[in-house]
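I have placed the structure first, in the form of structure tokens, so that the comments after it can refer back to it.
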Amino acid sequence: MSAALPQAPPAHAAPGERWALLLDVDGTLLDFALRPELVHVDAPLLNHLSVLQSALDGAVALVSGRRVTDLSRLFAPLAIERVGLHGLERGGADGAYQTLWQEDRALTASLYAATADIAARLPGVHVEHKGPAVALHCRAAPRQMPAMRSAAAALAARLPGYALLEGYEVCELKPALADKGMAVRTLLGAAPFAGRMPVYLGDDHTDAPALAAARELGGLAIAVGTRVAPAATHLLPCPAAVRGWLGALARYSTLQGDH
Numbered sequence: 229m230s231a232a233l234p235q236a237p238p239a240h241a242a243p244g245e246r247w248a249l250l251l252d253v254d255g256t257l258l259d260f261a262l263r264p265e266l267v268h269v270d271a272p273l274l275n276h277l278s279v280l281q282s283a284l285d286g287a288v289a290l291v292s293g294r295r296v297t298d299l300s301r302l303f304a305p306l307a308i309e310r311v312g313l314h315g316l317e318r319g320g321a322d323g324a325y326q327t328l329w330q331e332d333r334a335l336t337a338s339l340y341a342a343t344a345d346i347a348a349r350l351p352g353v354h355v356e357h358k359g360p361a362v363a364l365h366c367r368a369a370p371r372q373m374p375a376m377r378s379a380a381a382a383l384a385a386r387l388p389g390y391a392l393l394e395g396y397e398v399c400e401l402k403p404a405l406a407d408k409g410m411a412v413r414t415l416l417g418a419a420p421f422a423g424r425m426p427v428y429l430g431d432d433h434t435d436a437p438a439l440a441a442a443r444e445l446g447g448l449a450i451a452v453g454t455r456v457a458p459a460a461t462h463l464l465p466c467p468a469a470v471r472g473w474l475g476a477l478a479r480y481s482t483l484q485g486d487h
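Using my numbering, the letters of the sequence shown map in sequence onto residues 229 to 487.
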């Protein structure tokens with residue numbers, strides 16, 4: 229099915245279209261690193277996002293499995309809408325913060341202890357703590373993925389209200405309350421996103437609900453790479469291509485503003 233997809237999304241919005249640009253981060257905007265804290269956001273990307281934020285009247289958002297505080301650190305000094313933990317928390321461009329989850333500290337402590345035990349048994353597996361969620365990464369030891377997946381699935385089955393999300397060399401245990409599809413629908417229900425056409429970019433299975441939501445809402449669902457290409461309307465091959473496409477959008481927006 230992916231072979232029939234267009235090779236790239238439109239170079240810019242059609243006349244009369246008002247886009248809301250919704251962007252996954254790791255594997256979409258940014259290349260993967262061996263550990264999540266090692267990724268880098270360069271100045272050109274920050275500039276492109278700033279230009280597009282202005283051109284779209286603020287309707288640009290990061291939609292990530294990372295925490296809002298982590299997104300703020302990575303993309304500083306840009307003040308941008310941030311959806312963290314797959315929709316469990318939201319940070320506005322104006323600094324406002326909302327959360328859908330009341331953390332059970334005893335449950336979180338149990339989760340942290342259990343995932344630390346999994347990592348101790350599987351050399352090369354790294355634990356990323358994200359408040360009420362935990363991600364187990366095996367990018368440094370991809371051969372551990374089957375064992376890590378099995379252990380994470382067994383743990384999720386014992387945790388009330390939790391779900392397992394599997395991504396590229398990662399298994400995440402998170403509260404089942406929200407996913408990125410819900411996040412897209414929530415964003416599109418409020419200013420400055422309401423009334424706009426969603427344009428969602430994502431690379432992994434965790435993005436599939438958001439890609440589906442974008443399609444259902446009449447927007448563009450842009451897969452980055454082939455993992456979720458069947459869920460998409462368009463395709464970009466890699467994060468570098470995404471950054472190039474955003475740069476072209478920003479340049480087009482600047483030229484339009486000059487006329």
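For each residue, glycine too, the CB sits at the ideal point set by N, CA and C.
According to the DSSP assignment, R455 belongs to no alpha helix (DSSP H), since it is labelled neither H nor E. With contacts defined as CB atoms closer than 8 Å, C399 and M425 fail to qualify as a contacting pair. Within the same chain, Cβ atoms closer than 7 Å to the Cβ of H433 are found at E394, G395, R455, V456, the five residues on either side in sequence being excluded. The beta carbons of P420 and A283 sit about 12 Å from each other, so the pair does not count as a contact at 8 Å. Between the C-alpha atoms of A436 and L445 there is a straight-line separation of about 14 Å. The beta carbon of V253 is closer than 6 Å to those of L290, S292 in its chain, skipping five residues each way along the sequence. Look at W247 here: in three-state DSSP terms it is strand.
Where R367 is concerned, there is no enclosing alpha helix (DSSP H), because DSSP gives it neither an H nor an E. In this structure, I308 sits near L277, with a CB-CB distance shorter than 8 Å.
By the CB criterion at 8 Å, V412 and Y390 fall outside the cutoff. Taking C-beta separations shorter than 8 Å and ignoring five residues to either side along the sequence, the partners of Y325 in its chain run V296, E317, R318, G319, following chain order.
In the DSSP annotation of this structure, the continuous segment of the alpha helix (DSSP H) that includes Y340 starts and ends at 333-349. Between the alpha carbons of T327 and T414 lies a gap of roughly 13 Å. It is roughly 38 Å from the alpha-carbon of W247 to the alpha-carbon of T336. Counting the other Cβ atoms within 10 Å of the Cβ of A460 gives 16 or more, which makes it buried. Going by beta carbons, L274 and L249 fall outside the 8 Å limit. Less than 8 Å separates the beta-carbon of L387 from that of L339.
8 Å or more divides the Cβ of L350 from the Cβ of Q330. By alpha-carbon distance to V355, the top candidate from S481, G312, L401 is L401. As DSSP reads the structure, R318 sits in a beta bridge with V311, Q326. For L277, no beta strand (DSSP E) encloses it; the enclosing alpha helix (DSSP H) starts and ends at 271-283. Counting only runs of 4+ residues, the alpha helix (DSSP H) found wholly inside the segment 439-485 occupies 467-485, in chain order.
Assignment of V296 by DSSP, reduced to helix, strand and coil, places it in the helix class. Around the CB of G423, fewer than 16 other CB atoms lie within 10 Å, so the residue is classed as exposed.
Nearest to A342 by alpha-carbon distance, out of D259, A384, A438, V279, is A384. Its Cα nearest to that of R310, the residue L251 stands out among L251, L474, G472, L477.
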